[in-house]
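Notes to accompany the following structure.
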Amino acid sequence: MRRAQGLGAAPSRAPSLSGLSVSVLFRCKCVRLARPAAQKHNQQGEDGAAGRRQLRIVGSEDALGAWDPRHAPVLSPEPGSSYFSTSVELPAGAPQVAYKYVLVTSATDRTQQTGQKHSDGALDAISSVEWEPLALNRTLAPASLSSAANVGRVLEHLRLVVTDAEFGDEHHEEHHESLRKSTESSRASSMRSMGRRSFSYTQGALLVILYRLPIIAERDAQTGRWIFAWDDDAIYLTSSGLRRCLESMHRVIWVGILQVNEDIAEDEQEVIQEDLMMQFRCVPVFLPLATRDAFYRRFCKGVLWPLFHMTSQFPINTTSEIDRTLWQTYVHVNRMFCDVVVSLYQGDLNLIWIHDYHLMLLPMQLRRKLTGARIGFFLHIPWPSSEVYRVLPFRDELIRSLLSSTLLGFNLFDYARHFLSSCVRLLNLDHSMKNGNIIINHGGRRSYIRVSHIGIDPERFTDIIGSEQVEREVARLRILTHGANIICGIDDLDAIKGIPFKLLAFEQLLVNFPQYREQLVLYQVAIPRNVPNTETLREEIYLILDRILEDFGTEEYVPVVYVEARLSLAERVALYHASDALLLTPFHDGLNMIPYEFLISARPGRGKLIISEFTGCWKHLFSAVRVNPWNTEELMYTIDMTMQESEEQAAQEQRADLDQRILYYTISRWAESFVKDLGSVEERVMKHRMAIGISAKSAMLELEDVPFLDPFVAVERFRSARRAFFFLELNALLASSGEHDEVLVGEKIWSKVPEPVLDALLALSSSQNVHVYITSNSRQGAMDSLFGSVPRIGLVAESGCFVKLCGTSEWISMLAEDVDVSWLEIAREIMEGYCERTDGSFVESRHASVMWHFVDADPTFGSWQAKELCDHLESVFPTMEVDIVLCESTLCVRPKTLAKKSTGIIMSSVLDGEQKLDFVFTCSSGRSDDGMMAELDGILRGSQVKNVFRCGLLGNTVSSAQFYVRTGQELLGVLAALSQCNQPQ
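Okay, here's the thing in C-alpha cells:
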C-alpha cells in the first residue's frame with residue numbers, strides 16, 4: 001500500500017519525539033524466586049537484602065544499566081503470582097533496545113564489608129551473576145516505543161507493558177493473568193524501611209486515612225526517645241470506640257501525620273515508622289512544619305473551613321496566593337498521602353477509608369494508580385450550597401476527586417443535597433436512585449452517596465461517670481458557682497460557633513428577667529484552635545464579658561465563667577453532670593457531637609438542650625429546642641422557657657433520646673455499616689490490556705490504563721483498509737478544547753475548533769479513499785466558517801437538513817419543495833412562551849426546524865421546563881410528521897425524514913466506487929441529537945463492513961456506542977495517530 005499524499009504533509013505538523021520518554025513495565029516469570037518467603041518484605045524487599053538473590057534486567061540503555069548488572073534495575077515480586085516486575089523510563093526515540101534478565105547474588109551477608117549499596121539499588125561487590133542461557137538477546141522494537149509515545153501525548157497514565165516468557169525459556173507460552181488483582185506499586189521515600197516489614201500486616205487490611213493519626217507523641221526529656229500512646233480524644237472523642245469496632249471486623253492500618261511541634265530528622269523517621277507499625281499499626285506521613293502550617297492553618301482552616309461553613313470571610317480574603325501557592329501545597333500534601341497509601345495497598349483484599357476535608361484530592365490521586373480499589377470517603381463537615389461553593393477557583397477538581405470514591409458519605413441529607421446540586425450546576429452531572437441508593441455516573445464508573453451521621457462512644461462516658469475524679473470536679477464547680485443553676489457551653493474558639501450570640505442573649509436575659517441574677521450562671525468553655533482571626537473573635541468576646549460583669553457581677557456572683565482551655569474527659573463529663581442545660585449557638589455547623597455527650601452525662605431531668613437550628617444534630621434529638629441565634633430576643637425567651645421546664649418532662653425527653661438515638665446510633669454502628677457497604681460495592685478495574693505485537697523471545701507487548709477504545713487496533717485496521725469513512729459529531733471535536741457544547745447561533749460563531757483537530761482532519765481527508773464528515777445542528781454558514789480550511793471535508797448542517805458532500809462546494813437541501821412546514825410558527829410561539837418563564841433560554845429558528853436552547857438556564861429548572869415543553873409539543877403535534885428531540889441542552893422540532901434522507905445520500909456517495917468500504921469510525925458526544933448516528937448504524941449493519949468503530953465520549957450516554965474514549969483530548973490523540981499512518985489509497 002502506498003503512503004497517502006496527505007500524509008506527506010502530516011509529519012511536518014507532528015511534534016518530534018525528542019525529549020519524550022515512555023514508561024515501560026517489564027514483567028518476567030521466575031519460579032526459582034517465587035516462593036512464599038520471597039514475597040515477605042522482611043526477607044526480600046524491592047532493593048533486595050544483602051547476600052540474597054535478586055532478579056534484575058540489564059540491557060543496552062543507561063536506564064537498564066548499560067550491560068552492567070550492578071546498576072541494572074531490580075524486579076520486585078508481584079503479590080500472589082510468580083511474576084517479577086519493574087518500571088523503567090526509556091527514551092521514545094531510542095533504537096532497538098536489547099536486554100536480558102540476570103540473577104544477581106551479593107558478595108557477603110553484609111554489603112558494607114565488601115562493597116557499598118547505592119540508593120538506586122546498585123551493588124559495588126557481587127559474588128555471582130547468572131545470565132539467561134539465551135543464544136540471542138531479548139529485544140524491544142523502536143516502533144513500540146515511538147507508537148506508545150505518540151499516543152501518550154494525549155492519553156494520560158499510559159504505560160507500555162512487556163510481559164516476557166519465563167527466565168531463560170525462550171519458548172515458554174505464558175497465559176496472561178487478569179489485572180484485577182495487580183496494581184502499580186509506587187513507594188514514597190519515607191516508606192523504604194517500614195515497607196519491607198509491613199507486607200504481612202497490610203494484606204487484607206482496612207486502610208483508614210486521616211490527616212492526624214489518633215496518636216499522642218511526646219519526646220522523653222531524659223532519653224530523647226519518642227513515646228507514643230493512643231489518643232482516645234481524637235476523632236471527636238470516638239477514637240477508642242472506632243478502633244474497637246474496626247479491629248473486630250478487619251486488620252486496621254492507620255495513616256496520617258504525627259501531631260508534634262518539631263521537624264523530625266530523617267534518621268529518626270525509620271525508627272518511628274517501625275515503632276508505630278509494630279505497636280499501633282500506624283503509618284506516619286512526615287510533613288515539615290512550614291508545610292503543615294500552610295496546609296492546615298492557612299488553607300484547610302483559612303480557606304476550606306470558612307467556605308464549607310458558608311461564612312462571609314472567604315470571598316473577601318481571596319487572593320492569588322490562596323489560588324496558587326496554598327492550593328499547590330494542598331495538592332502536594334495529598335500526593336504525599338497517596339504515595340504512602342499506594343505503597344501499603346495489596347490488591348482488592350484491601351479497603352481504603354478516607355476521612356474529612358483535608359484529603360479531598362486523595363480519592364482521585366489513588367484512583368489513577370489503583371483503579372480497582374474500593375475507596376470510601378466520609379466528609380465530617382457540611383457541604384456548602386452550590387452558590388457558595390462555586391467561588392472556589394479549584395471547585396471542579398475537588399468534586400471530580402470526591403466522585404472518584406466508591407462510597408461517599410455525608411452526615412446529613414442537607415449536605416448531600418448541596419453536593420448533588422454542585423454536581424449538576426458545575427459539572428452537569430445528574431444522579432439517579434436505585435434500591436434506596438443515590439448514584440452518580442462519572443468517568444465510566446459509579447459513585448454511591450451515603451447519608452448516615454456519626455455517633456459517640458457511650459462506654460467512654462458511662463465508665464467515667466461516678467468516678468472520684470468526676471465527683472471532685474463537680475464539687476469544685478458547685479463551689480465556684482455558689483450553687484447556682486448552670487447553663488454550659490463547650491465550643492471551639494472559632495467564629496462559626498457563635499459564642500458572642502449566646503453572650504448577648506444571656507446579657508438580655510439578666511436585663512429583662514431579674515430573677516435569674518445570682519441564680520443562673522453561664523459557664524462557657526472555648527477550646528483554642530489554630531484558625532485565622534482568633535484575636536478579633538477574642539476581643540469581641542471580652543468586650544461583651546466585661547460589660548456583663550460590670551453590670552451584674554458582684555463579689556460572690558460571677559454571671560459568666562469564661563474558660564479558654566482544652567478540657568480532659570473527666571472535666572468535660574463533670575461540667576455536663578453539674579449543668580442544668582446546654583446552650584449552643586453556631587451560625588453554621590456540622591453535626592456537632594456535644595449534645596450527645598451532654599445527654600449521656602447529665603443528671604436525669606437536667607438534660608435540657610437549646611441548640612441553633614444551623615447545627616446538624618437538632619433534627620435527631622427529641623429534647624432539643626431549636627433557636628435562630630441571630631434573633632437575640634427569641635434566644636433570650638427560649639432560655640427562660642427551657643429553665644422553667646419541669647424535670648419530669650425533661651427526663652422523659654432525655655430518656656427517649658438516649659434509648660432511640662444515642663445508645664443505638666453509636667460510633668461502632670456507624671463505622672460497621674459504612675465499612676460493610678464499602679466492602680459490598682463492586683469497583684471495576686479500569687485497565688484494558690491490548691496486545692499490539694510480539695517482541696523477540698515471546699514477549700507480549702500491551703498497553704495499560706487505556707479505557708475501552710484501543711487506538712493501536714484502530715490504527716492497524718485503518719492502515720490495512722482500502723476505503724475508509726469517518727462520521728464525527730462537532731460537539732465531540734469541541735470537547736478536546738474544553739468546550740462543553742457548540743454555541744453557534746445563526747451565523748455567529750461562539751465556539752472554535754482547535755487547530756490540532758483541523759490538522760488531523762486535513763491529513764485524513766487528503767486521501768481520495770478517505771471520506772470525513774462532520775455533523776452539527778448549526779447553520780451552513782457557521783459550518784463553512786469552522787471548517788473552511790479543510791477543503792475536502794463533508795459537512796452536515798441543521799441535523800441533516802443540508803449536506804455538503806466530500807470534495808464539493810455546494811450544499812444540498814434534504815427538504816422537499818412540497819413539504820408542509822406550517823407547524824414551525826406554532827412551535828416557535830409555544831417555545832417563546834416557555835422562554836418568558838425560563839430565564840437564560842432562547843429560541844432559534846432554522847430553515848426547517850426550530851430549537852429551544854436552555855444551556856444557560858438553571859440546570860434543574862431548565863430540565864424541568866424542557867420536559868414540560870416536550871410533553872406540550874407532543875400533545876399539539878400528535879399526527880404531524882415531525883420529530884421532537886430533547887437533548888442535553890436543546891429541544892428541537894424538525895421534519896421526520898431529514899436524518900434518513902441525509903444519511904442515505906452520504907452513504908450512497910461513500911459506497912459508490914470500485915473499492916469496498918472496509919473501515920468506519922464514528923464518534924458522538926452524547927450531548928446532541930444522534931438521529932443520523934442511529935440511521936448510519938442501521939445501514940452499516942446491513943453492509944457487512946468488517947472494521948467498524950462506533951465511539952462515544954465517556955461519561956455521556958451514546959445509544960449506539962461500541963467503544964468509548966475518556967476525553968476529547970483522547971479523541972484528538974486517536975485522530976492524530978490515524979492521520980499519521982499509511983492511509984487507504
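Here UniProt numbering is used: the first residue of the sequence shown is 1, the next is one more, and so on.
Just so you know, even glycine gets a beta-carbon here, dropped at the ideal spot from N, CA and C.
Note that this is a predicted model, so its numbers are computed, not measured.
Using the three-state DSSP reduction, which class does residue i fall into: helix, strand or coil?
i, result
"A205", "strand"
"P458", "helix"
"A217", "strand"
"K752", "coil"
"T139", "strand"
"F877", "coil"
"V781", "Here residue 781 is Gly; the residue named in the question, Val, does not match the sequence. Looking at G781 - three-state DSSP - the assignment turns out to be helix."
"N334", "helix"
"I527", "strand"
"K29", "strand"
"T291", "helix"
"G968", "helix"
"V885", "strand"
"F377", "strand"
"G409", "strand"
"T86", "strand"
"S21", "strand"
"C981", "coil"
"I465", "coil"
"Y389", "helix"
Name the one or two DSSP bridge partners that residue i has.
i, result
"E729", "T775"
"N947", "F919"
"E130", "L103"
"V843", "W852"
"F963", "C951"
"C488", "Y523 and L582"
"H442", "R445"
"A724", "V770 and F919"
"I253", "L207"
"H355", "F378"
"C282", "W254"
I'd like the span of the alpha helix (DSSP H) that includes residue i, first residue to last.
i, result
"C423", "F413 to L427"
"residue 986", "Nothing can be reported for residue 986, as the shown portion of the chain is limited to 1 through 985."
"C245", "S239 to M249"
"Q654", "E647 to D657"
"A229", "Per DSSP, A229 belongs to no alpha helix (DSSP H); it is in the beta strand (DSSP E), W226 to W230."
"L362", "L362 to K369"
"R53", "Unbroken run through R53 is the beta strand (DSSP E), R53 to G59; no alpha helix (DSSP H)."
"L258", "Neither: L258 is in no alpha helix (DSSP H) and is coded neither H nor E."
Quick one: what's got a C-beta closer than 8 Å to residue i's C-beta in the same chain, skipping five residues either side?
i, result
"Q279", "F228"
"T632", "F501, L504, A505 and Q508"
"S401", "M360, L361, L362, P363, M364 and Q365"
"L544", "The identity of residue 544 in the sequence shown is Ile, whereas the question assumes Leu. The answer, listed in chain order, is P500, L503, L504 and E507."
"S82", "K29, C30, V31 and A34"
"V561", "L480, T481, V521, L522, Y523 and Q524"
Within the same chain, show all residues whose beta-carbon is closer than 7 Å to that of residue i, passing over the 5 residues directly before and after it, in chain order.
i, result
"L326", "A294, R298, F299 and V303"
"G607", "F598, L599, S623, A650 and Q654"
Please return the same chain residues whose Cβ sits closer than 6 Å to the Cβ of residue i, not counting the five positions on each side in sequence.
i, result
"A976", "A760"
"S579", "I486 and C488"
"V974", "P711"
Under DSSP, the beta strand (DSSP E) around residue i begins and ends at which residues?
i, result
"T890", "T890 to P895"
Report task. For the segment 564–600, list the beta strand (DSSP E) runs that are entirely contained and at least 3 residues long, ordered along the chain. Result -> Complete beta strand (DSSP E) runs here, min 3: 581–584.
Report task. Only counting runs of 4 or more residues, tell me where the alpha helix (DSSP H) segments fall wholly within the segment 783–823, in order along the chain. Result -> If we require 4 residues or more, the segment 783–823 turns out to have no alpha helix (DSSP H) run fully inside it.
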